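Take a look at the structure set out below.
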Amino acid sequence: MSATLESVQTTVQRTYTRPQVIRLLNLDERRLRAWERWKLMPALETYEYQDLLALRSLRKLAEQGIRADQLQRTFKSIRERLRDVKNPLTELKLFLDGKRVGVQAAGYRLDPRTGQLLFDFETRSVTALPATHVAAAAASEERRLKSEAERLFHLALEAEQAHAPAREIMAMYESALRANPALAPALVNIGTIYFNARCHRDAERYYARAVEADPNYPLAHFNLANLFDERGDRAGALKHYLRALELNASYADAHYNIALLYQGSGDRLRALRHWKTYLKLDPGSSWAQVARRELRKLREATIITGSRGA
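Going left to right, the sequence shown walks through residues 2 to 311 as my numbering numbers them.
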């Protein structure tokens with residue numbers, strides 16, 4: 002039976018404390034309080050995932066030079082004219098348009114000064130557009146979705162670094178994948194969460210999707226190889242470790258694991274070669290001590306075998 006998110010973490014933290022959010026998003030307490038005074042964000046002590054997305058958007062807008070009073074006027078205009086929009090920060094695209102705040106959603110743009118809804122050229126029915134415009138619109142939408150996926154991916158990375166609950170982290174990665182299903186790093190990271198929870202079937206599914214999405218991504222092959230190695234499938238593991246090396250000849254960890262596989266199967270010469278390469282790439286780590294020990298054992302065994310053969 003396929004594992005579920007509940008098997009990864011049974012106790013789910015659905016909220017974040019204020020200090021966690023400040024640390025996670027690298028915010029300044031004074032700036033957060035200013036946003037609250039301008040009523041751009043409610044004053045909270047605990048935050049949910051959507052609140053993190055809203056704060057992330059606020060931070061990006063502030064970095065573009067948009068003032069709090071500009072955003073307040075924009076929000077007021079949006080709420081007066083688009084009553085179904087609950088949170089403009091997460092439901093609409095806000096951006097700096099010259100010296101004013103631009104607002105965009107599917108099918109329209111909003112002029113925040115007049116409140117006029119403007120038809121969005123890029124989302125017109127494709128049958129009404131020339132082929133060149135259709136292609137340009139499609140390319141523009143693809144770029145937008147990829148950019149959004151990257152934003153959500155980095156938010157998930159920050160959540161991992163802050164030791165957020167596994168289920169919350171995975172939800173963030175899945176949000177990134179909804180924007181860009183071929184985002185291989187997000188697929189790999191979800192697979193690794195499953196792998197660490199020993200949910201190997203789900204881990205393999207995500208690693209395989211990552212390899213399919215980006216066949217030239219060394220980490221996807223390396224992690225899939227680790228999974229096969231854990232299962233005792235040496236042939237599958239070796240195939241993907243070697244593919245990772247084809248893509249990145251300086252992948253030290255791949256050399257290390259390949260050396261172990263060759264040594265375990267009795268292929269001493271290949272094992273020796275990969276141990277030597279590993280030590281050239283990573284001579285100072287604690288794993289290098291293990292590599293030197295195994296290399297020494299192989300050399301001694303080779304000398305003894307050669308003596309007997311004489």
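Note that the Cβ used here is the ideal one computed from N, Cα and C, for glycine as well. Since the structure is predicted, the reported quantities are computational estimates derived from the model, not experimental observations.
Beyond the five residues adjoining it in sequence on each side, D98 comes within less than 6 Å, by CB distance, of no other residue in the same chain. The Cβ-Cβ distance between A238 and A226 falls below 7 Å. By the beta-carbon neighbour count (other beta carbons within 10 angstroms, threshold 16), G192 is buried. Taking C-beta atoms as the reference points, A255 and Q264 fail to come closer than 7 Å.
DSSP, read as helix, strand or coil, puts Y218 in coil. In the three-state reduction of the DSSP assignment, Y252 falls in the coil class, being assigned neither a helical nor a strand state. When the beta-carbon positions are compared, L158 and A180 stay at least 7 Å from each other.
Between L280 and A289, the gap from beta carbon to beta carbon is short of 7 Å. Distance from the CA of L188 to the CA of A245, rounded to the nearest whole angstrom, comes to 17 Å. Under the 10 Å beta carbon count, H164 is surrounded by fewer than 16 other beta carbons and is classified as exposed. Membership of D234 in any beta strand (DSSP E) is not indicated, and neither H nor E is assigned to it by DSSP. Between A292 and H275, the CB-CB gap reaches or exceeds 7 Å. Under the three-state reduction of DSSP output, Q65 falls in the coil class, being neither helix nor strand. In the three-state reduction of the DSSP assignment, G192 falls in the helix class, which pools H, G and I. Under the three-state reduction of DSSP, D98 is assigned to strand.
Shown here, T75 sits in a helix according to DSSP, grouped into three states. Three or more Cβ pairs drawn from the region 50–60 and the region 26–33 lie within less than 8 Å of each other, which places the two stretches in contact.
If you draw a straight line from the Cα of Q105 to the Cα of L90, it comes to about 11 Å.
DSSP places T16 outside both helix and strand once states are collapsed to three, so it counts as coil. In terms of CA proximity to A221, L184 leads the group L184, L95, A177.
For G267, same chain residues with a beta-carbon under 6 Å away, outside a window of 5 residues either side, do not exist.
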